[in-house]
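**Q**
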Ligand SMILES: CC(C)(COP(=O)(O)OP(=O)(O)OC[C@H]1O[C@@H](n2cnc3c(N)ncnc32)[C@H](O)[C@@H]1OP(=O)(O)O)[C@@H](O)C(=O)NCCC(=O)NCCS
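Numbering (my numbering), first residue to last: 9 to 182.
(1) Would you say residue 139 and residue 165 are within 7 Å of each other, going by their C-beta atoms?
(2) Assuming residue 119 contacts residue 159 under a Cβ cut-off of 8 Å, what Cβ separation, rounded to an integer in Å, is found between them?
(3) If you measure from each residue's Cβ to the nearest non-hydrogen atom of ligand 1, which ones come out under 5 Å, in chain order?
(4) By Cβ distance below 6 Å, which residues in the same chain neighbour residue 151 in space, the five residues on each side in sequence not counted?
(5) Buried or exposed: where does residue 141 fall if 16 or more other Cβ atoms within 10 Å of its Cβ makes it buried?
(6) Could you check what DSSP says for residue 173 in three-state terms: helix, strand or coil?
(7) Return the first residue and the last residue of the alpha helix (DSSP H) that residue 26 is part of.
(8) Whole angstroms is fine: what's the gap from residue 176's alpha carbon to residue 46's?
(9) Between which two residues does the beta strand (DSSP E) holding residue 81 run?
(10) Quick one: what's got a C-beta closer than 8 Å to residue 82's C-beta in the same chain, skipping five residues either side?
(11) Helix, strand or coil: how does DSSP classify residue 158 here?
(12) Residues in the same chain with beta-carbon distance under 8 Å from residue 14, minus the five sequence neighbours each way, listed in chain order, please.
(13) Which class does residue 147 belong to by DSSP, given the choice of helix, strand or coil?
(14) Quick check on DSSP: helix, strand or coil for residue 106?
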């Protein structure tokens with residue numbers, strides 16, 4: 009049995025190990041990382057999947073961005089599931105939970121860079137991002153959008169920029 013819950017600080021090491029196993033260290037060179045580096049995750053939008061022994065087997069986080077002319081939105085990722093737990097619905101459960109919580113918090117749209125054959129099942133589509141640009145190279149077919157509020161990405165154009173709280177500012181304030 010796998011449970012989805014809010015990420016807690018003690019998940020950090022297991023989450024990072026899982027992400028490195030899933031994506032390798034090259035994950036830090038991705039264009040999406042430019043929108044995450046030095047920023048805090050969007051308030052209340054980091055989730056862990058844990059098995060009955062309390063082991064972390066999945067992770068997903070969302071980040072505050074400005075989606076060009078569409079305004080405030082979220083960037084989803086990375087999403088990863090431990091290879092031993094794949095194919096049992098953990099990824100789908102993390103996605104559903106994350107999108108539901110983002111809606112509850114009043115967010116209007118979510119962007120991501122990932123495999124369209126996987127994310128299309130949750131409603132993500134390339135059409136929503138056609139006139140948006142990321143601050144680096146991206147395969148257009150992997151740059152996807154999803155509207156939590158109908159029409160939120162209508163006519164969206166321009167540059168996607170990071171807008172999350174700065175991680176450094178938080179440390180100084182603490
Ligand atoms: C992608 C990932 C998160 C899916 O997690 P999961 O828990 O296995 O997902 P689910 O059990 O909810 O769904 C499994 C289904 O997704 C499909 N699927 C998994 N990865 C896929 C991909 N990259 N492209 C298309 N379909 C994919 C499986 O074939 C399976 O299909 P089925 O329902 O028809 O049998 C997981 O495979 C993973 O961590 N992969 C490595 C990192 C990664 O690629 N992350 C996100 C994509 S950029």
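Backbone N, C-alpha and C fix where the C-beta goes; we use that ideal spot for every residue, glycine too.
**A** For this structure:
(1) Residue numbering aside, residue 139 sits at position 131 when the chain shown is read from its first letter. Residue numbering aside, residue 165 sits at position 157 when the chain shown is read from its first letter. Yes, the pair counts as a contact, with Cβ atoms nearer than the cut-off.
(2) By 1-based counting over the chain shown, the position of residue 119 is 111. By 1-based counting over the chain shown, the position of residue 159 is 151. No, residue 119 and residue 159 are not in contact; Cβ-Cβ is about 16 Å, not under 8 Å.
(3) The chain-ordered list of residues whose CB is nearer than 5 Å to some heavy atom of ligand 1 reads 30, 87, 88, 89, 94, 95, 97, 98, 99, 100, 122, 123, 125 and 126.
(4) In the chain shown, residue 151 corresponds to position 143, counting from 1. Here the set comprises 121 and 137.
(5) Taking the first residue of the chain shown as 1, we reach residue 141 at position 133. So residue 141 counts as exposed.
(6) Mapped onto the chain shown, residue 173 falls at position 165. When secondary structure is reduced to three states using DSSP, residue 173 falls in the coil class, being assigned neither helix nor strand.
(7) Position 18 of the chain shown, counted from the first residue, corresponds to residue 26. Under the DSSP assignment, residue 26 falls in the alpha helix (DSSP H) whose first and last residues are 20-31.
(8) As a working note, residue 176 is residue 168 in the chain shown. As a working note, residue 46 is residue 38 in the chain shown. Residue 176 and residue 46 have their alpha carbons spaced roughly 7 Å apart.
(9) Counted from its first residue, the chain shown places residue 81 at position 73. Per DSSP, residue 81 belongs to the beta strand (DSSP E) from 80-89.
(10) Here residue 82 is taken as the residue at index 74 of the chain shown, counted from 1. Counting only residues of its own chain and dropping the five nearest sequence neighbours on each side, residue 82 has a CB closer than 8 Å to the CB of 50, 53, 70, 71, 72, 73, 110, 115, 117, 118 and 119.
(11) Indexing the chain shown from 1 puts residue 158 at position 150. Coil, per DSSP.
(12) On the chain shown, position 6 is the one that residue 14 refers to. In its chain, beyond the 5 residues on either side, 52, 54, 55 and 56 have a beta carbon closer than 8 Å to the beta carbon of residue 14.
(13) Translated into positions along the chain shown, residue 147 becomes position 139. Three-state result, residue 147: coil.
(14) Here residue 106 refers to the residue found at position 98 of the chain shown. Helix at residue 106.
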